[in-house]
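Novice: Counting from 1, one number per residue, gives the positions in the sequence shown under full-length UniProt numbering.
The beta-carbon is built from N, C-alpha and C at its ideal position, and this holds for glycine as well.
In this text, all values refer to a predicted model and were calculated from it rather than measured experimentally.
Before I ask anything, let me first share the structure, which is written out below as structure tokens.
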Amino acid sequence: MAESFLAMKKYFITITTVISATILGQNIQNNPGSNHGNKFEQLGTILPTPNAYRTASGAPGQAYWQNRADYNIQAYLDEDKRVLYGSETVTYYNNSPDDLDYLWLQLDENQQSSVKNAGYEASSTLPKTTTIEKLRPTDLPVQDNGYGVNLTKVTDAKGKPLHYMVNKTMMRIDLPKTLKKGGKVSFKIEWNYKIPNRIEKGGRGGYEYFPEDGNDLYTITQWFPRMCVYSDFKGWQNNQFTGRGEFALPFGDYTVSMNVPADHIVASTGEGLNFKEVLTPAQYQRWQQAQNADQPIEIVTLAEAEKAEKSKSKERKIWKFSAKNVRDFAWTSSRKFIWDGMKVLIPENNNKVMAMSLYPKEAYHLYRKFSTHAVAHTIKTYSEYTIPYPYPVAQSIEAANGMEYPMICFNYGRTEKDGTYSEATKYGMIGVIIHEVGHNFFPMIINSDERQWSWMDEGLNTFVEYLTEERWDSKFPSKRGPAWTIVDYMKLPKDQLEPIMVNSENIIHFGPNAYAKPATGLNILRETIMGRELFDSAFKTYSKRWAFRHPEPADFFRTMNDASAENLDWFWRGWFYGTDPVDIGIEKVTVATAHVNPELKQKMIQYKVEKPRLNAFEDISKIRNQADATLKYYVEETPETQDFYYRYARGQETVDTEKIHYQTIPATAPLSATEKVKAQNITAYQIDFKNIGGMVMPIILEFTFEDGTKLKDKKSAQIWRKNEQSVSLTYYFDKKLKSIQLDPMRETADIDTSNNYWGELSEPTSEFEVFKSQKATTRGASDGRLNPMQAAEKK
């Protein structure tokens with residue numbers, strides 16, 4: 001999910017505030033007081049014990065299993081009341097080795113309710129500003145706001161009522177008969193809920209109202225009672241939905257029909273089954289044309305969408321879709337939609353994919369030009385780095401949003417009224433499309449538990465997003481991925497940092513922690529520690545092993561180690577389990593030259609003959625052995641093994657050990673003239689490094705010589721393994737050094753580069769201005785300035 005934001009309204013009331021925060025970090029080390037042995041310890045028992053389900057190599061075991069849920073769903077969208085009605089038949093397959101007496105389902109829409117939500121309250125303080133609409137007396141007791149799921153019927157397949165219990169955002173169905181291992185059960189649920197205004201209330205699903213034409217745009221997400229995951233590592237994943245930690249879901253097949261106003265256009269997870277019935281003949285012809293097009297074809301045109309905005313039909317149409325082997329299902333509906341699409345071929349599996357975009361006229365001049373191309377680029381690039389895209393459809397929907405589902409995602413990207421847009425809006429839109437479409441791979445296919453581990457979803461996806469952005473345009477202004485972009489976060493005080501390995505609900509700095517830091521770490525592994533070829537091979541192995549399965553962190557860590565022959569536990573320990581930043585500094589440089597002495601002569605040394613080598617202390621074992629009359633010594637039993645030193649130790653041989661003896665040490669061979677010149681031309685440099693931040697990293701150096709030439713060297717992170725606080729490196733050069741630069745390409749996320757340099761410092765060549773910052777504008781929104789397109793009068 002792209003991080004959400006709320007636009008503030010125009011009426012503000014200023015309130016004085018005092019804000020403070022204390023966040024405790026995590027430090028998992030077995031020997032924290034030592035300068036040796038902490039950071040290179042194996043993860044060992046920190047990771048779960050391998051078993052028949054999950055192996056020590058990181059691969060699924062021979063007994064690996066996962067349960068499955070198939071859905072048949074009917075939905076009715078009441079646009080006048082803004083209520084969604086639904087009914088579903090769920091068939092649940094118990095592939096586990098356990099018998100199940102009850103099932104858990106998710107009622108995510110209850111998070112919008114004031115009385116049914118998860119109850120994960122957050123600390124509240126006086127705001128600096130607020131809106132007049134929000135300035136009202138606190139409701140005590142809390143009043144029901146009317147949102148959340150209303151369950152009207154829960155029965156077995158034959159219509160017999162089933163006992164169920166709702167606990168906040170979770171629903172338990174008690175089975176009348178135990179669901180045995182290897183068995184399956186079907187049941188039915190009918191429900192409805194009031195659709196929230198997503199722009200005002202926030203969240204992933206709901207409607208957006210367009211006052212200029214009086215229409216709504218619906219994003220229908222987390223909209224049906226969905227099965228929880230039952231797994232070998234947790235049992236039921238029924239942690240409450242708080243709005244933060246996203247979803248853990250089993251795979252299954254879906255058949256879904258949506259009854260909507262006749263002039264609405266619907267898009268969803270999966271493939272349309274009845275486009276010929278719901279589209280006009282001209283639109284259906286364009287749909288068929290688009291399936292073989294290599295450029296986006298408008299299936300529903302701008303003119304048709306603008307006409308539909310004014311019609312507001314009271315007739316109804318039913319759209320039907322099917323999706324195979326997906327973990328979720330979402331859809332969108334509006335009469336405002338323009339729809340374009342084209343065919344994309346995935347070479348790795350010869351899959352012909354329909355890349356498509358739907359968007360209102362407010363986004364036309366951006367989405368028509370970029371969106372479907374960005375979809376195509378994303379699934380092709382991700383296929384190279386992970387697994388070939390397996391689904392028949394990939395879609396981007398403009399909904400002033402950023403959220404992902406199988407084969408469909410919701411993004412932002414609207415122009416000014418004159419059709420122009422800023423560069424920030426353009427690249428923000430392309431970036432969010434790549435990110436959300438990329439979520440098809442993480443976690444929609446490589447199906448991690450987002451409720452527990454946000455980084456396995458957001459972090460891995462943000463990393464491949466960065467690779468994909470870089471291949472969209474060499475000048476793409478990527479915000480996350482390069483090492484230097486994480487420095488400001490890593491500079492924060494320790495009490496404001498937290499490890500990546502933290503539950504989703506408990507993360508304070510969610511963007512840096514769950515998105516940026518893991519993505520940066522993987523990029524450091526790829527570019528600096530492992531190298532691209534080795535990293536890419538191991539990363540593809542992980543993706544293939546866990547495609548359409550439920551991986552856990554240990555499966556990722558172990559696979560990356562196993563598939564690369566690199567012991568990366570030091571990196572997982574430091575970057576994922578720890579909060580130490582990288583700050584390696586050059587503490588001192590000692591310069592030395594050779595001293596050539598041609599006058600070396602022979603030496604005379606004095607010495608004495610050694611006394612018998614006897615133990616300085618007769619230990620208890622020796623005393624007891626000597627007192628034991630039955631104990632036999634080999635040398636006593638075997639006289640031929642008794643020699644001079646046997647007798648010398650017993651005083652049977654005498655030697656004068658006080659007499660001074662003399663020995664002559666001959667002079668060393670003189671150096672030739674050539675050798676003298678060679679030695680005199682060598683300068684040695686001992687560079688002492690200090691690990692100030694705590695996180696170990698490779699030492700990367702750039703040497704600049706007085707003649708202007710340069711050399712580079714890199715030592716692996718293992719150089720710190722015997723002393724994690726300080727190390728030294730000595731180099732011998734036949735020309736004089738001018739400077740030494742540590743981490744010249746800023747590859748390691750070093751938070752203080754002021755101690756990364758030794759040598760001559762150049763004089764400042766420019767000036768900088770200092771001014772007070774103004775209030776930041778909302779992400780993606782215009783700040784009122786003329787954008788370059790407007791200035792150039794180009795659209």
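1. Could you please give me the residues that DSSP links to I665 through a beta bridge?
2. Report the residue from D628, T630, N523 and A592 whose alpha carbon sits nearest the alpha carbon of I682.
3. Please name the residue, chosen from G521, F556 and H550, that lies closest to K540 on a Cα-to-Cα basis.
4. Is DSSP giving K540 helix, strand or coil here?
5. Who are L100's beta bridge partners in DSSP?
6. CB-CB under 6 Å to S357, same chain, minus the five flanking residues each way: which ones, in chain order?
7. Write down every uninterrupted run of the alpha helix (DSSP H) in the stretch 329 to 395 whose length is 4 residues or greater and which is fully enclosed by it, in chain order.
8. Could you pull the start and end residues of the beta strand (DSSP E) that F259 belongs to?
9. Less than 8 Å between the C-beta atoms of residue 798 and A118, yes or no?
10. With distance defined between alpha-carbon atoms, name the residue in E304, K310, E469 and T528 nearest to G214.
11. Quick check on the DSSP output: the alpha helix (DSSP H) that includes Y489 runs from which residue to which?
12. Since residue 811 is in the alpha helix (DSSP H), which residue starts that stretch and which ends it?
13. In its own chain, which residues sit with a C-beta less than 6 Å from the C-beta of K491, not counting the 5 before and 5 after it?
14. Near T17, what residues of its chain come up, given a Cβ to Cβ distance below 6 Å and the 5 sequence neighbours on each side ignored?
15. Below 8 Å, how does it come out for the stretch 244 to 253 and the stretch 218 to 228: are there three or more Cβ pairs, yes or no?
16. Where does V432 land, buried or exposed, given buried means 16+ other C-beta within 10 angstroms?
17. What are the complete beta strand (DSSP E) segments, minimum 3 residues, inside the stretch 202 to 228?
18. Using the Cα positions of N351 and V166, report the straight-line distance between them to the nearest angstrom.
19. Check the C-beta distance from Y254 over to G270 and give it rounded, since I have them as a contact under 8 Å.
20. Which same chain residues end up closer than 7 Å to V300 when comparing Cβ atoms and leaving out the 5 residues on each side of it in sequence?
21. Return helix, strand or coil for V90, following the three-state DSSP convention.
22. Do you know offhand how far residue 800's Cα is from T169's?
23. Hey, how far is the Cα of T91 from the Cα of D108?
24. Okay, do the stretch 606 to 613 and the stretch 692 to 708 touch, 3+ Cβ pairs below 8 Å being the bar?
25. Using a Cβ-Cβ cut-off of 7 Å (strictly less than) and excluding sequence neighbours within five positions of K544, which residues of its own chain qualify?
26. For Y405 versus F441, is the C-beta spacing smaller than 8 Å?
27. Enumerated in chain order, which unbroken segments of the alpha helix (DSSP H) with a length of 4 residues or greater are wholly contained in the stretch 523 to 570?
28. If you drop the 5 nearest sequence neighbours on each side, which residues of the same chain put their C-beta closer than 7 Å to that of P50?
29. Please confirm whether Y685 and T730 have their CB atoms less than 8 Å apart.
30. Hey, quick one: how far does the alpha helix (DSSP H) through A673 stretch, first residue to last?
31. By the three-class DSSP mapping on this structure, what secondary structure does Q74 have?
32. Between the Cα of Q718 and those of S621, N567, D294 and G183, spot the shortest distance and give me the residue it belongs to.
33. Tell me L729's beta-bridge partners as DSSP assigns them.
34. Please list the terminal residues of the continuous beta strand (DSSP E) segment that includes G759.
35. Using a 10 Å radius around the Cβ and a threshold of 16 neighbouring Cβ atoms, would you call P482 buried or exposed?
36. With G438 as the anchor, note down where its alpha helix (DSSP H) starts and where it stops.
Specialist: Reading it off the structure:
1. K603
2. A592
3. Checked all of G521, F556 and H550; the closest Cα to K540 is F556.
4. helix
5. L179
6. D340, Y367, S371, T372 and S396
7. 364 to 385
8. It should be pointed out that residue 259 corresponds to Asn in this sequence rather than to Phe. Taken as a continuous stretch (DSSP letters only), the beta strand (DSSP E) holding N259 covers G252 to P261.
9. The structure shown does not extend to residue 798, since the chain spans only 1 to 795, so no value can be given for it.
10. K310
11. V487 to M490
12. The requested residue 811 does not occur in the structure, where the chain is confined to residues 1 to 795.
13. Answer for K491: I751, listed in chain order.
14. Caution is warranted here: a pLDDT of 33 is assigned to T17, below 50, making its placement in the model unreliable, and the coordinate value is therefore given only provisionally. Around T17, the same chain offers L126 and K128 as residues with beta carbons nearer than 6 Å, after the five sequence neighbours per side are excluded.
15. yes
16. buried
17. 206 to 210 and 215 to 220
18. 42 Å
19. The pair is a contact, with the Cβ atoms about 6 Å apart (cut-off 8 Å).
20. I265, Q283, F337, I338 and W339
21. strand
22. Examination of residue 800 is not possible in this model, given that the chain is present from 1 through 795 alone.
23. 20 Å
24. By the Cβ criterion, the stretch 606 to 613 is not in contact with the stretch 692 to 708, since fewer than three pairs of Cβ atoms, one from each stretch, lie closer than 8 Å.
25. I387
26. Taking 8 Å as the Cβ cut-off, Y405 and F441 do not qualify as a contacting pair.
27. With a minimum length of 4 residues, the continuous alpha helix (DSSP H) runs that stay inside the stretch 523 to 570 are 532 to 546 and 553 to 562.
28. Counting only Cβ-Cβ distances below 7 Å, and skipping sequence neighbours, we find A56.
29. yes
30. Unbroken alpha helix (DSSP H) run through A673: A673 to Q680.
31. strand
32. N567
33. I687
34. Y757 to G759
35. buried
36. For G438, the uninterrupted alpha helix (DSSP H) segment begins and ends at E423 to G438.
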